[in-house]
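Remarks on the structure that follows.
There are 4 protein chains.
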Amino acid sequence: MQWTNKNGYDWCELVDIDTLVGRLLQPDLRPGKWAGEDIRKAMGGFTKENRRHDDQRRGVTLVHNDLVGSAGLSPSISVSFQPILPGEKLAFHRHNYVAIYYWVEGEGYTCNDDDGIDREETRIYWKAGDVSISPAWVNHAHVCTSKEPALQLAIHDFPDLCYRRAMLNEDPDGHENLRHMVKGVVPSFNNLDTVEDLEKRSQKISIKTRS
Amino acid sequence: MQWTNKNGYDWCELVDIDTLVGRLLQPDLRPGKWAGEDIRKAMGGFTKENRRHDDQRRGVTLVHNDLVGSAGLSPSISVSFQPILPGEKLAFHRHNYVAIYYWVEGEGYTCNDDDGIDREETRIYWKAGDVSISPAWVNHAHVCTSKEPALQLAIHDFPDLCYRRAMLNEDPDGHENLRHMVKGVVPSFNNLDTVEDLEKRSQKISIKTRS
Amino acid sequence: MQWTNKNGYDWCELVDIDTLVGRLLQPDLRPGKWAGEDIRKAMGGFTKENRRHDDQRRGVTLVHNDLVGSAGLSPSISVSFQPILPGEKLAFHRHNYVAIYYWVEGEGYTCNDDDGIDREETRIYWKAGDVSISPAWVNHAHVCTSKEPALQLAIHDFPDLCYRRAMLNEDPDGHENLRHMVKGVVPSFNNLDTVEDLEKRSQKISIKTRS
Amino acid sequence: MQWTNKNGYDWCELVDIDTLVGRLLQPDLRPGKWAGEDIRKAMGGFTKENRRHDDQRRGVTLVHNDLVGSAGLSPSISVSFQPILPGEKLAFHRHNYVAIYYWVEGEGYTCNDDDGIDREETRIYWKAGDVSISPAWVNHAHVCTSKEPALQLAIHDFPDLCYRRAMLNEDPDGHENLRHMVKGVVPSFNNLDTVEDLEKRSQKISIKTRS
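Protein sequences appear in the order of chains A, B, C and D. Read left to right, the first sequence gives residues 1 to 211 (the UniProt record's numbering). Read left to right, the second sequence gives residues 1 to 211 (the UniProt record's numbering). Read left to right, the third sequence gives residues 1 to 211 (the UniProt record's numbering). Read left to right, the fourth sequence gives residues 1 to 211 (the UniProt record's numbering).
The structure is reproduced here in structure tokens:
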């Protein structure tokens, strides 16, 4: 946080209650839909060639644009779909929010291991139809063991943590990668990404469902 | 909620993870200050004459303008100072967020009574230096019994409830006054206020602390 | 809220900071799994005969028992699976938390209409693979139009609202059914259920995943 | 997080919706009070001799014992009173929750400086009656410059972050002191405290307000 007290506290204001209400109230979110066909289409662009760092940035996420002050499908929930390719082993990482996975397709396991070691006793084996959880601040990594890609529906509760400036990541695993997830500090979830990486990437996706 | 599906779901978008991050991350709030002298000055304009509905809209609230998506001193906390005049009895009301009061000056009591009746056994008597709590969805009303005005420092946790579109009020007490606190539905905390009332009010206050 | 000040405030305590820490810290949730086979098995008991009020109480929900102070799959997220039978039309209801639906099987629509009227323009049509949202405090009802049952994976953010005592329901639609969701006030989500209904029900389900 | 998958997932359960409701609903918090006289009395035991590490563990905090699943004055707010002695300079530290201070007595400043350096331009000067904020994850330290002790009323939003297992501290400043605030990992806010320190301390305080 770079700041100075030199010009007073312009960002701090005393207002009457009615003025507060005017700023406090938000438009209600409209009901909405993200069609399965569009989700598949959006994921289509992610081939083995255009991923970065062999990591999990191949996903497609559903955002509701009536929301300001953070981003997600709702004010408190993020929903993403992410394919994991056969034989792929994503890197260990952790964050201070819970991850819930519904496994739509494929088979594999998630290792939840604070030492970042893939041990038999810290694996959770899953296949299509299962639900699993990786708790807050526990190091975890996904592995796809089926011949077909695994498809993960990931549910996270980070949008309101981000609104509250309370979100922290260590991605990939390693103390040197700890970051407070606020604007200006980080360009992506993964600390190995540079701003240049992000500008050069071929993954820019935006699809809206028509009917 | 007025809405239609006629033109699809323009507000619902599928994006790649990096695009999500760009929208997700918020600027960290800057450290800040609201000077006591400015708080006193801001409250100065509230005389017995310019209040509305004999109610509690005489307060001054502290907002941090680095915050978007709701309003408050912080993403999850609102802090307000409110004088209650000698002999004054504010109307019963309730809301689904907790109210914590630190009593800076004066003496009196808060009645926490779901029937909206001022009963001896549902009163909490307070004086300067005390802290009291009115829980979520419990009907409550403040009474000042001292010769000098009471000064209440009120701490509420509604900013993030409002961000989540989860805030409901019944103000004043009465089922007909139940309202979902979202934009377009309500002009103020109090259901008796009309938009005209708010436009005519003489309470518009804005002060910033210089050093 | 029934309470009295007659014996002081035994439930309010002043403690040193270290004592606070001892009560504040919670055990971290363990990683976990709910197998798809077990989810199917759990839903097996819900036939057309044993449901109550023609309503949506046929679901199976995933809970993590390391959590106290509320209930859900995680501290802030609830995940449930619910079949909707062919031709079935669930009753309109609303609540101050967002509902996100991933449609696993079947076809149908959700009407999001504050007047509780099934109108063409307030319907969201969905089929297997789609994701839809019913925002906070918007009246909504599900209809299954396919020959096979629809299977809904419902994601709600009520566990931490309940922990905060901020959860309100109007179920079924109607002002007389408004309820603050706290212990002692309500026996179920649906206001038409009585305690006797709940005791007589044949739906008691508990399954744990072995490996 | 130490855990094993060897005996299945006993802590993960599939239940019917009514069973969920039975675990979900919490008793509403009762209205309550913490008397100013009791707060003063509770703080009385903290002399210059019995503090640990020259740090800020001299405070008294207000807890509501109707709450389970975390601890605080309310489900989302903690309120503490803490004296800072003349000339005292507390150590820099940071945490992923916002701190709001109402300064009841005395004079001094808070340095909000990520480098942990007491610089003129990152100080916020305060005196009795002022309100200040130290944002999430910003390193901060308090200094009392008046001849009399300063009295700080501190408002934090960590109780629901702790309920969500999302709370992290770096106290005192230093990467080696980063800790996920969950049971078993940490005995106190301050990483320098050992379990033995805590057992030997003379600060154990518990006072309840009678009327």
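From the three backbone atoms N, C-alpha and C, an ideal C-beta is built for every residue, glycine too.
Are the C-beta of residue i and some C-beta of chain D separated by less than 8 Å?
{"i": "Y163 (chain C)", "result": "yes"}
{"i": "V21 (chain C)", "result": "yes"}
{"i": "T209 (chain C)", "result": "yes"}
{"i": "W103 (chain A)", "result": "no"}
When DSSP builds the beta bridges, which residues end up paired with residue i?
{"i": "F81 (chain A)", "result": "A:V60, A:L153"}
{"i": "N112 (chain B)", "result": "B:H140"}
{"i": "V68 (chain C)", "result": "Paired residue(s): none; V68 (chain C) is not in a bridge."}
{"i": "I207 (chain B)", "result": "A:L14"}
{"i": "L168 (chain B)", "result": "B:H180"}
{"i": "I124 (chain D)", "result": "D:T110"}
{"i": "G8 (chain A)", "result": "Paired residues: none, contrary to the question."}
{"i": "G32 (chain C)", "result": "A:I133"}
{"i": "R94 (chain A)", "result": "A:E170"}
{"i": "K147 (chain A)", "result": "BP columns for K147 (chain A) are empty, so no partner."}
Would you report the Cα separation of residue i and residue j, rounded to the nearest angstrom?
{"i": "L25 (chain C)", "j": "V104 (chain D)", "result": "29 Å"}
{"i": "S70 (chain B)", "j": "G87 (chain B)", "result": "34 Å"}
{"i": "F81 (chain C)", "j": "N65 (chain B)", "result": "42 Å"}
{"i": "V68 (chain C)", "j": "K208 (chain B)", "result": "43 Å"}
{"i": "Y109 (chain A)", "j": "H142 (chain A)", "result": "6 Å"}
{"i": "K89 (chain A)", "j": "W137 (chain A)", "result": "20 Å"}
{"i": "K204 (chain D)", "j": "A150 (chain D)", "result": "22 Å"}
{"i": "Y77 (chain D)", "j": "E148 (chain C)", "result": "First, the residue type needs correcting, since residue 77 (chain D) is Ile and not Tyr in the sequence shown. Going from the Cα of I77 (chain D) to the Cα of E148 (chain C) covers about 48 Å."}
{"i": "R123 (chain A)", "j": "A154 (chain C)", "result": "26 Å"}
{"i": "K183 (chain D)", "j": "P27 (chain B)", "result": "31 Å"}
{"i": "E107 (chain B)", "j": "K33 (chain A)", "result": "54 Å"}
{"i": "Y9 (chain B)", "j": "G174 (chain B)", "result": "37 Å"}
{"i": "T19 (chain C)", "j": "G59 (chain D)", "result": "11 Å"}
{"i": "R30 (chain D)", "j": "L161 (chain B)", "result": "21 Å"}
{"i": "L178 (chain B)", "j": "E170 (chain B)", "result": "4 Å"}
{"i": "A128 (chain B)", "j": "E199 (chain D)", "result": "35 Å"}
{"i": "A35 (chain D)", "j": "V79 (chain D)", "result": "13 Å"}
{"i": "P75 (chain C)", "j": "D38 (chain D)", "result": "34 Å"}
{"i": "R164 (chain C)", "j": "Q2 (chain C)", "result": "19 Å"}
{"i": "C144 (chain A)", "j": "V63 (chain A)", "result": "26 Å"}
{"i": "S206 (chain A)", "j": "R40 (chain B)", "result": "50 Å"}
{"i": "N7 (chain A)", "j": "Y125 (chain D)", "result": "14 Å"}
{"i": "T61 (chain B)", "j": "L73 (chain C)", "result": "37 Å"}
{"i": "Q152 (chain A)", "j": "C111 (chain C)", "result": "28 Å"}
{"i": "A166 (chain B)", "j": "L85 (chain B)", "result": "32 Å"}
{"i": "S188 (chain C)", "j": "G22 (chain D)", "result": "8 Å"}
Can a CB atom of chain B be found closer than 8 Å to the CB of residue i?
{"i": "R30 (chain D)", "result": "yes"}
{"i": "K6 (chain C)", "result": "yes"}
{"i": "L151 (chain A)", "result": "no"}
{"i": "N96 (chain C)", "result": "yes"}
{"i": "H180 (chain D)", "result": "no"}
Should residue i be flagged as near chain C, meaning a C-beta pair shorter than 8 Å?
{"i": "W3 (chain A)", "result": "no"}
{"i": "F92 (chain D)", "result": "no"}
{"i": "K200 (chain B)", "result": "no"}
{"i": "H175 (chain B)", "result": "yes"}
Could you check whether the Cβ of residue i sits closer than 8 Å to any Cβ belonging to chain A?
{"i": "L168 (chain C)", "result": "no"}
{"i": "P27 (chain D)", "result": "no"}
{"i": "C12 (chain B)", "result": "yes"}
{"i": "A136 (chain D)", "result": "yes"}
{"i": "D157 (chain C)", "result": "yes"}
List the endpoints of the continuous alpha helix (DSSP H) containing residue i.
{"i": "E13 (chain D)", "result": "Not the alpha helix (DSSP H): E13 (chain D) falls in the beta strand (DSSP E), residues 12-16."}
{"i": "D160 (chain B)", "result": "159-163"}
{"i": "D173 (chain B)", "result": "Element bounds for D173 (chain B): n/a, residue is neither H nor E."}
{"i": "K200 (chain D)", "result": "195-200"}
Can you name the start and end residues of the beta strand (DSSP E) that residue i belongs to?
{"i": "R40 (chain A)", "result": "Segment 36-43 is the alpha helix (DSSP H) holding R40 (chain A); no beta strand (DSSP E) there."}
{"i": "V131 (chain D)", "result": "131-134"}
{"i": "V104 (chain B)", "result": "99-105"}
Find the residues of chain F that neighbour residue i, judging by a C-beta separation of less than 9 Å, and give them in chain order.
{"i": "S206 (chain A)", "result": "Here the protein chains are A, B, C and D, and chain F is not one of them."}
Does the ligand ADP have a heavy atom nearer than 7 Å to the CB of residue i?
{"i": "A71 (chain C)", "result": "The ligand ADP is not among the ligands present in this structure, which contains no ligands whatsoever."}
>> Between the region 187-198 of chain B and the region 11-22 of chain D, can you find at least three pairs of beta-carbon atoms closer than 8 Å?
In response: no
> Any contact of the region 99-110 of chain D with the region 128-135 of chain D, i.e. 3+ C-beta pairs under 8 Å?
Replying inline: yes
>> Three or more C-beta pairs under 8 Å: does that hold for the region 111-124 of chain A against the region 102-122 of chain C?
In response: With contact defined as three or more Cβ pairs closer than 8 Å, the region 111-124 of chain A and the region 102-122 of chain C are not in contact.
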